[in-house]
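K.L.:
Once you've had a glance at the structure underneath, I'll fire off some questions.
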Amino acid sequence: MKNREISLIFEHIAQCLEFRGESTFRQNAYRRAARALTDLAEDVEEVYARGDLENVAGIGAGMASKIAEYLETGKIQRYEEARKGIPDTLIELMKIPGLGPKTLRIIHDRLGIENIDQLEAAAREGRLDDLPRLGGKSIENILRGIQLVRAGSGRILLGNVLPVVESIISALREKTTLGDCLPAGSVRRMRESVGDIDILATAPDGRSVIEAFTSLPHVHSVLAKGDTKGSIITGEGLQVDLRVVAAESYGAALQYFTGSKDHNVHLREIARKHGLKINEYGVFRGDKRIAGATEEEVYATLDLPWIPPVLRENRGEIEAAARNRLPRLVRQQEIRGDLHVHSDWSDGHASMEEMIRAAKNMGYQYVAISDHSSAATIAKGLDVTRLHRQAAEIEKLRSRISGIEILHATEMDIRPDATCDFPDDIMAGLDLVIASVHSAMKQDEATMTRRVLAAMENPNVHVIGHPTGRLVGGRGALRLNMEAVIHKAAETGTALEINSQPARLDLDDVNARRALDLGAMLIIDTDSHHPNQLQNMRFGIAVAQRAWVGPENVLNTRDIRSFRQWLANKQKKAAPRKRRRKAAAASV
DNA sequence: GCCGTTTTCGGCCCGACTGTTTTCAGTCG
1318 MKNREISLIF EHIAQCLEFR GESTFRQNAY RRAARALTDL AEDVEEVYAR
1368 GDLENVAGIG AGMASKIAEY LETGKIQRYE EARKGIPDTL IELMKIPGLG
1418 PKTLRIIHDR LGIENIDQLE AAAREGRLDD LPRLGGKSIE NILRGIQLVR
1468 AGSGRILLGN VLPVVESIIS ALREKTTLGD CLPAGSVRRM RESVGDIDIL
1518 ATAPDGRSVI EAFTSLPHVH SVLAKGDTKG SIITGEGLQV DLRVVAAESY
1568 GAALQYFTGS KDHNVHLREI ARKHGLKINE YGVFRGDKRI AGATEEEVYA
1618 TLDLPWIPPV LRENRGEIEA AARNRLPRLV RQQEIRGDLH VHSDWSDGHA
1668 SMEEMIRAAK NMGYQYVAIS DHSSAATIAK GLDVTRLHRQ AAEIEKLRSR
1718 ISGIEILHAT EMDIRPDATC DFPDDIMAGL DLVIASVHSA MKQDEATMTR
1768 RVLAAMENPN VHVIGHPTGR LVGGRGALRL NMEAVIHKAA ETGTALEINS
1818 QPARLDLDDV NARRALDLGA MLIIDTDSHH PNQLQNMRFG IAVAQRAWVG
1868 PENVLNTRDI RSFRQWLANK QKKAAPRKRR RKAAAASV
């Protein structure tokens, strides 16, 4: 799967063009193509083989021929030209906030600066002072930007951000008179990680709200404080901006600040064709405002229904809305059970009973206790003997806890040699088997793919847990042919997990969308190790929604009877020949 | 470099803020 590789090259070309000051439209074309490739769940090589590259929005003849060139030769001539004389370390400097391509180019051309250390030294030694348009404040800004870049990528897990945002909004509601108030930006779109946070509000008295905001206990430092906008850094190091807007502009502002940028650009192009102009204050025909108080009326001016924020990534949602074909998205209240829950029998931090009661409090009909198998030694994985003892313990809990069905499950290792960590008869005795890769994670693609496919072919394996093994902003995905995995999942009736842990979110939205397209079933669960973590379900739900997934594709929206039916069917579907042979043998 | 309700050429989203300037370039979201 070379989608990511080529996408990075296109992005790099765009950066080089930007540095050289070439046409912004051409830069944007490369960026759009880069984006199209990361959003393309299908393997670009297959699209190429079919001759369909130019049917992908954002990819025209030029991009298609460059992709073809890369797939055939491993190189792109245009890329080599674009980056000539521009070291990668120089491109890295474009990440410094406040330092754009124009200024960077002057700094590079006049002083020969090529990396962050040289830049910092030059700024401190006053060598930037004589350059045009660079005064004391600009240089101060650059130095601050350098610190920010050094401090890290700046994107934080949604799971860490959302609780802070919610706590800020509820504190504001307590202390001031607020009308509407919502987080905008990538928080509202529920992206897996977030840069900074925008909150929008209406209020009778903006100044007092900003005043209250900048004196919240969350505040570490105040960056700006005016009548309508305040900006703070929290103790967690998050930048939070609060804007108070007029009620008549609230919808337009919310739409505008929610983004995504690509979604908004597309929307404004359509507006222009309708003779309208959209900005953060409203929708205008000439000077006349025709909408703006609610998002619904903003979309309505373009003859579109309201589009859920989770879909606003310019991945076809605007076209779907225009045809009135927006998907019906799965909702958290439709989830009937959590199927991936650990207890202190392995590496969980609470007893089975605590976890089960917490699941019952979530309103679930069923819960699966799925502790690790013995190969996961660090996680105190269970061997067969302990598994049997656990089964007996669960039987007791079933009689003690009413109102929730308890499934005895396992999160079983798929061993490096592609065998399962439990024998077939042991798996067959469990209610549910989730098979996951936890070891030998650096295997090559062919080996790793064979390993996961083999697990799916086992009729006793129901689910593949955190299929790609990636960690958000951290460890990359396993080298795995996901296209083959998803096809096999559909073929064998094996479900793929959307793991709701904020650091995993695995499958991600792109893979989950592909699973939907290819007819593979999904399970959304939390992989909880503590009762509190059952609340993470909403992050998995968000991934599914971002992937356009509806309830019919999520197995744990089914009631327990229908879910058990699926469990039984999986065993028939996965290996019909083997089972027939077995049945024949038995009848002899 | 892409693309078509301005359709094979000529457009390409929009506005605010900052800091540097005397009317605006650069950067950001």
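Everything in the first sequence is counted per the working numbering, starting at 1318 for the first residue and increasing by one. Beta carbons are placed, not taken as given, at the ideal position from N, Cα and C, and that holds for glycine. Here the structure is a predicted model, which means the values were calculated and not measured.
Give me the Cα-Cα distance between Arg1897 and Arg1348, rounded to the nearest whole angstrom.
P.N.:
In the first sequence, counting from the first residue as 1, residue 1897 sits at position 580. In the first sequence, counting from the first residue as 1, residue 1348 sits at position 31. Low per-residue confidence applies at Arg1897: pLDDT is 40, beneath 50, and the placement is therefore not dependable, though the value from the model is reported in the following sentence. For Arg1897 and Arg1348, the distance between alpha carbons rounds to 53 Å.
K.L.:
Give me the DSSP bridge partner(s) of Cys1737.
P.N.:
The count along the first sequence starts at 1 and reaches residue 1737 at position 420. Bridge partners of Cys1737: Ile1731.
K.L.:
In terms of alpha-carbon separation, which member of Lys1713, Ser1690, Ile1695 and Ala1696 lies closest to Arg1703?
P.N.:
Taking the first sequence and counting its residues from 1, the one referred to as residue 1703 is at position 386. The residue with the shortest Cα to Cα distance from Arg1703 is Ser1690.
K.L.:
Starting from Glu1814, trace the beta strand (DSSP E) in both directions and tell me its first and last residue.
P.N.:
As a position in the first sequence, residue 1814 is number 497, starting the count at 1. It spans Ala1812 to Asn1816 - the beta strand (DSSP E) in which Glu1814 sits, taken as one unbroken run.
K.L.:
Quick one: what's got a C-beta closer than 7 Å to Val1361's C-beta in the same chain, skipping five residues either side?
P.N.:
If you number the first sequence from 1, residue 1361 lands on position 44. Result list for Val1361: Lys1319, Asn1320, Ile1323, Leu1354 and Ile1384, in chain order.
K.L.:
Could you tell me which uninterrupted alpha helix (DSSP H) segments, each at least 4 residues in length, are contained entirely in the stretch 1619-1650, listed from first to last along the chain?
P.N.:
Fully enclosed alpha helix (DSSP H) runs of 4 or longer: 1634-1639.
K.L.:
Would you list the residues sitting across from Cys1498 in a DSSP beta bridge?
P.N.:
Within the first sequence, the letter at position 181 stands for residue 1498. Looking at the DSSP assignment, Cys1498 forms a beta bridge with Ala1518.
K.L.:
Hey, could you find the ends of the alpha helix (DSSP H) Arg1441 is sitting in?
P.N.:
The residue labelled residue 1441 in the question sits at position 124 within the first sequence. Segment Ile1433 to Arg1441, the alpha helix (DSSP H) holding Arg1441.
K.L.:
Using DSSP with H/G/I as helix, E/B as strand and the rest coil, what is Ile1723?
P.N.:
In the first sequence, the residue the question calls residue 1723 occupies position 406. In the structure shown, Ile1723 sits in a strand (DSSP, three-state: E or B).
K.L.:
To which residues of the same chain is Ile1413 closer than 7 Å at the C-beta, ignoring the five residues directly before and after it?
P.N.:
The residue labelled residue 1413 in the question sits at position 96 within the first sequence. Beyond the five residues adjoining it in sequence on each side, Ile1413 comes within less than 7 Å, by CB distance, of Ile1459, Gly1462, Ile1463 and Val1466 in the same chain, given in chain order.
K.L.:
Examine the Cβ distances between the stretch 1596-1605 and the stretch 1547-1557 and report whether three or more of them are shorter than 8 Å.
P.N.:
no
K.L.:
Check the DSSP bridge columns for Gln1344 and list the partner residues they point to.
P.N.:
Numbered from its first residue, the first sequence carries residue 1344 at position 27. Answer is none; Gln1344 lacks a bridge partner.
K.L.:
Which partner residues does Asn1596 have in the DSSP bridge list?
P.N.:
Start at 1 with the first residue of the first sequence, and residue 1596 comes out as number 279. In the DSSP output, where bridge partners are listed per residue, Asn1596 has Gly1599.
K.L.:
Would you kindly work out how many angstroms separate the C-alpha atoms of Ala1794 and Arg1787, rounded to a whole number?
P.N.:
As a position in the first sequence, residue 1794 is number 477, starting the count at 1. As a position in the first sequence, residue 1787 is number 470, starting the count at 1. Rounded to the nearest angstrom, the two C-alpha atoms are 4 Å apart.
K.L.:
Where are the alpha helix (DSSP H) runs, 4 residues long or more, that stay fully inside the stretch 1773-1860, in chain order?
P.N.:
1799-1809 and 1826-1835
K.L.:
Can you list, in chain order, the stretches of the alpha helix (DSSP H) that have 4 or more residues and sit fully within the stretch 1548-1614?
P.N.:
1567-1575 and 1578-1590
K.L.:
Please report the straight-line C-alpha distance between Ser1487 and Lys1677, rounded to a whole angstrom.
P.N.:
Taking the first sequence and counting its residues from 1, the one referred to as residue 1487 is at position 170. Taking the first sequence and counting its residues from 1, the one referred to as residue 1677 is at position 360. Approximately 27 Å between the Cα atoms of the pair.
K.L.:
Between the alpha carbons of Leu1714 and Ile1686, how many angstroms are there, rounded?
P.N.:
Sequence index remark: in the first sequence, residue 1714 carries index 397 (1-based). Sequence index remark: in the first sequence, residue 1686 carries index 369 (1-based). Cα to Cα, the separation comes out at about 12 Å.
K.L.:
Expressed to the nearest angstrom, what Euclidean distance is found between the alpha-carbon atoms of Ala1639 and Asn1596?
P.N.:
By one-based count along the first sequence, residue 1639 stands at place 322. By one-based count along the first sequence, residue 1596 stands at place 279. Their Cα atoms are separated by approximately 20 Å.
K.L.:
Return the chain-ordered list of same chain residues with a C-beta closer than 6 Å to the C-beta of Leu1451, the five sequence neighbours on each side being excluded.
P.N.:
As a working mapping, residue 1451 is identified with position 134 in the first sequence. Cβ neighbours of Leu1451 beyond the five flanking positions: Leu1445.
K.L.:
Buried or exposed, going by whether 16 or more other CB atoms sit within 10 Å of the CB of Arg1592?
P.N.:
As a first step, residue 1592 is located in the first sequence; it is residue number 275 there, counting from the start. Note on residue identity: the sequence assigns Gly, not Arg, to residue 1592. It is exposed - the Cβ of Gly1592 has fewer than 16 other Cβ atoms within 10 Å.
K.L.:
List the DSSP bridge partners of Asp1876.
P.N.:
Within the first sequence, residue 1876 is the residue found at index 559, counting from 1. According to DSSP, which records beta bridges pairwise, Asp1876 is partnered with nothing at all.
K.L.:
Among the residues of its own chain, which have a CB less than 7 Å from the CB of Leu1851, if the five just before and after it don't count?
P.N.:
To locate residue 1851, count along the first sequence from 1; it is residue 534. Excluding sequence neighbours, Leu1851 sits near Asp1655, Ala1675, Ala1676, Met1679, Thr1843 and Ser1845.
K.L.:
Could you check whether Val1582 and Ala1570 sit closer than 8 Å to each other, using their CB atoms as the reference points?
P.N.:
Working through the first sequence from its first residue, we reach residue 1570 at position 253. Working through the first sequence from its first residue, we reach residue 1582 at position 265. Going by C-beta atoms, Ala1570 is not nearer than 8 Å to Val1582.
K.L.:
Determine, using beta-carbon pairs with one atom in the stretch 1857-1877 and one in the stretch 1824-1834, whether at least three such pairs fall under 8 Å.
P.N.:
yes
K.L.:
Measure the C-alpha to C-alpha separation of Ala1902 and Ala1801 and round it to an integer number of angstroms.
P.N.:
Counted from its first residue, the first sequence places residue 1902 at position 585. Counted from its first residue, the first sequence places residue 1801 at position 484. No answer about Ala1902 holds up, because its pLDDT of 38 lies below 50 and its placement is not dependable.
K.L.:
Given this structure, state the Cα-to-Cα distance separating Ser1577 from Leu1475, to the nearest angstrom.
P.N.:
The sequence position of residue 1577 within the first sequence is 260, counting from 1. The sequence position of residue 1475 within the first sequence is 158, counting from 1. Computed Cα separation, rounded: 16 Å.
K.L.:
Identify which residue in Met1758, Thr1766, Leu1747 and Leu1621 has its Cα closest to the Cα of Pro1776.
P.N.:
Reading the first sequence from its first residue, position 459 is the one you call residue 1776. Ranking Met1758, Thr1766, Leu1747 and Leu1621 by Cα distance to Pro1776 puts Leu1747 first.
K.L.:
Sorted by chain position, which residues of the same chain lie with C-beta nearer than 6 Å to Lys1805's C-beta, five sequence neighbours on each side aside?
P.N.:
For this step, residue 1805 is matched to residue 488 along the first sequence. These residues qualify, in order along the chain: Leu1770 and Met1773.
K.L.:
Would you report the Cα separation of Glu1483 and Asp1876, rounded to the nearest angstrom?
P.N.:
By 1-based counting over the first sequence, the position of residue 1483 is 166. By 1-based counting over the first sequence, the position of residue 1876 is 559. Glu1483 and Asp1876: Cα-Cα distance of roughly 32 Å.
K.L.:
Could you round the C-beta distance between Met1669 and Glu1710 to whole angstroms and report it? I think they count as a contact, below 8 Å.
P.N.:
Walking along the first sequence from the start, residue 1669 turns up at place 352. Walking along the first sequence from the start, residue 1710 turns up at place 393. 7 Å between Cβ atoms; contact.
K.L.:
According to DSSP, simplified to helix, strand and coil, what is His1755?
P.N.:
One-based indexing of the first sequence puts residue 1755 at position 438. Note: His1755 maps to coil in three-state DSSP.
K.L.:
Which of the three DSSP states, helix, strand or coil, is assigned to Lys1697?
P.N.:
One-based indexing of the first sequence puts residue 1697 at position 380. Three-state result, Lys1697: coil.
K.L.:
Applying the 10 Å Cβ sphere with the 16-neighbour rule, what's the burial state of Pro1480?
P.N.:
As a first step, residue 1480 is located in the first sequence; it is residue number 163 there, counting from the start. The residue in question, Pro1480, is exposed, as its Cβ has fewer than 16 Cβ neighbours within 10 Å.
K.L.:
Pull up the distance between the alpha-carbon of Ile1718 and that of Glu1491, whole angstroms please.
P.N.:
For the purposes of this step, residue 1718 is identified with residue 401 of the first sequence, where counting begins at 1. For the purposes of this step, residue 1491 is identified with residue 174 of the first sequence, where counting begins at 1. Roughly 39 Å separates the two Cα atoms.
K.L.:
Spell out the partners DSSP gives Ile1430 in its beta bridges.
P.N.:
Reading the first sequence from its first residue, position 113 is the one you call residue 1430. Paired residues: none, contrary to the question.
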